[in-house]
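See structure below.
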Amino acid sequence: MTAISRFPVMQRAKGEAAVGLACSDGRVRLQDLRQTGSAKAILPQVGVVPEVVFLNTSGGLTSDDRLRYALMLEGGVAVATTQTAERAYRADGASAQMNVALTVGPGGWLDWLPQETILFDGARLDRRTRIDLGEGAGCLALEAVVLGRAAMGETVGRVAFRDRREIWRDGKPLSVEPLGLGDAALQAGGAGLGGARAFATIVMLGERLGDGLAGLRAVLDEPGVNAAASAFDGKLVVRMTAADGWPLRRQIVRALAVLRSGRPLPRVWQM
2 MTAISRFPVM
12 QRAKGEAAVG
22 LACSDGRVRL
32 QDLRQTGSAK
42 AILPQVGVVP
52 EVVFLNTSGG
62 LTSDDRLRYA
72 LMLEGGVAVA
82 TTQTAERAYR
92 ADGASAQMNV
102 ALTVGPGGWL
112 DWLPQETILF
122 DGARLDRRTR
132 IDLGEGAGCL
142 ALEAVVLGRA
152 AMGETVGRVA
162 FRDRREIWRD
172 GKPLSVEPLG
182 LGDAALQAGG
192 AGLGGARAFA
202 TIVMLGERLG
212 DGLAGLRAVL
222 DEPGVNAAAS
232 AFDGKLVVRM
242 TAADGWPLRR
252 QIVRALAVLR
262 SGRPLPRVWQ
272 M
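Per the numbering used here, residue 2 is the first one in the sequence shown, and the count goes up by one each step.
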């Protein structure tokens, strides 16, 4: 007699979406598009600068899900984002795995502007984001995390979130930001998040970034948000914490307006 497990085997979500863009005759055009499983990429026609919108059709990440987004930009300027907030739900088994690999060829520029990652109680997520820059290339990279949905009365007391963000050029690291967020950090008071339920980092790498630092600092005054910015040697960093995701998003939008010289956000961003 074959033994029947008391616990059903849950289907896991797996997906990969990879986009290749190349600049020719002054225009950035699609060169390659591959997508499998729950990961998709769409390229809406919204303006002169092309946008790539990644999405996860599974609706969120949980135990042992695997998701990968990749973009290769060979010259020119492009924007990449996500269709909506990525949600990490309670995981009773292995952590969900997410990998983002972005490559910007010589002289190119990429704005990587994903929407928030929402961590629900009991979430387990390991994520790695790597941006490789060619000679003379630059990028603007955002990462925002929200702990649960305050408007729904949710609280997050258990979480296992490991996040590593790297930006490289010619085999040398320009920015490496590892983050480990666990149960102890949630309860560490001022030594951890200090009661904040949402936090974000913006990193911008390019030439003469310090020139606009005063203008940027002037808009880091959104009520309910603590924020600061610094710039040195072609690298600008903005860090923010807030009691909720909504004021954090408002502050992010105001900061990006300065850093992007007033260019509109991707259309999928809803305010």
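Ideal Cβ placement from N, Cα and C applies to all residues, glycine included. From a predicted model like this one, the values you see are computed outputs, not experimental measurements.
Cβ separation of residue 127 and residue 158, assumed to be a contact under 8 Å, to the nearest whole Å: Counted from its first residue, the sequence shown places residue 127 at position 126. Counted from its first residue, the sequence shown places residue 158 at position 157. With 8 Å as the limit, residue 127 and residue 158 do not qualify as a contact, their Cβ atoms being about 20 Å apart.
Pair within 8 Å by beta-carbon distance, residue 164 and residue 180: Walking along the sequence shown from the start, residue 164 turns up at place 163. Walking along the sequence shown from the start, residue 180 turns up at place 179. Cβ distance < 8 Å, so residue 164 and residue 180 count as in contact.
For residue 161: DSSP bridge partner residues: Indexing the sequence shown from 1 puts residue 161 at position 160. Per DSSP, 125.
DSSP state of residue 30 mapped onto helix, strand, coil: Taking the sequence shown and counting its residues from 1, the one referred to as residue 30 is at position 29. The answer is strand: DSSP assigns residue 30 an E or B state.
Nonlocal neighbours in the same chain, by C-beta distance under 6 Å from residue 43, ignoring five residues either side: To locate residue 43, count along the sequence shown from 1; it is residue 42. Closer than 6 Å at the Cβ level, and outside the excluded window around residue 43, lie 54.
Residues near residue 104 by beta carbon distance below 6 Å, same chain, minus five either side: For this step, residue 104 is matched to residue 103 along the sequence shown. Closer than 6 Å at the Cβ level, and outside the excluded window around residue 104, lie 73 and 133.
Local Cβ density within 10 Å of residue 267, reported as buried at 16 or more and exposed below that: Mapped onto the sequence shown, residue 267 falls at position 266. So residue 267 counts as buried.
Close-in-space but distant-in-sequence residues of the same chain around residue 99 (CB under 6 Å, 5 per side omitted): Along the sequence shown, one-based indexing puts residue 99 at 98. Here the set comprises 68 and 128.
Cβ pair count under 8 Å reaching 3, the region 234-252 against the region 28-41: Look at the beta carbons and you see the region 234-252 not touching the region 28-41: under three pairs across the two are nearer than 8 Å.
Minimum length 3: unbroken beta strand (DSSP E) runs contained in the region 84-144: 87-89, 97-105, 110-114, 118-120 and 124-134
Length of the line joining the Cα atoms of residue 161 and residue 57: Translated into the one-based positions of the sequence shown, residue 161 becomes position 160. Translated into the one-based positions of the sequence shown, residue 57 becomes position 56. So the alpha carbons of these two residues sit roughly 21 Å apart.
Residue 252 - partner residues in DSSP beta bridges: Taking the first residue of the sequence shown as 1, we reach residue 252 at position 251. Note: residue 252 sits in no beta bridge, so no partner.
Reduced DSSP category for residue 270 - H, G, I as helix; E, B as strand; rest coil: Reading the sequence shown from its first residue, position 269 is the one you call residue 270. Correct three-state label for residue 270: coil.
Enclosing alpha helix (DSSP H) for residue 218 [first to last residue]: Counting from 1 along the sequence shown, the entry for residue 218 is found at position 217. Element bounds for residue 218: 214-219.
Cβ contact check for the region 14-23 and the region 227-244: 3 or more pairs under 8 Å: no
Residue 186 - containing beta strand (DSSP E), residue span: In the sequence shown, the residue the question calls residue 186 occupies position 185. That residue, residue 186, is in no beta strand (DSSP E); its alpha helix (DSSP H) goes 184-187.
Simplified DSSP state of residue 275, which is helix, strand or coil: An answer regarding residue 275 cannot be provided, because it is not within the stretch 2 to 272 covered by the chain.
Straight-line Cα distance separating residue 77 from residue 192: Your numbering for residue 192 matches position 191 in the sequence shown. Your numbering for residue 77 matches position 76 in the sequence shown. In this prediction, residue 192 has a pLDDT of 48, which is less than 50 and means its spatial position is unreliable; what the coordinates show is noted afterwards. If you take the alpha carbons of residue 192 and residue 77, they lie about 42 Å apart.
Local Cβ density within 10 Å of residue 224, reported as buried at 16 or more and exposed below that: Numbered from its first residue, the sequence shown carries residue 224 at position 223. Exposed is the call here.
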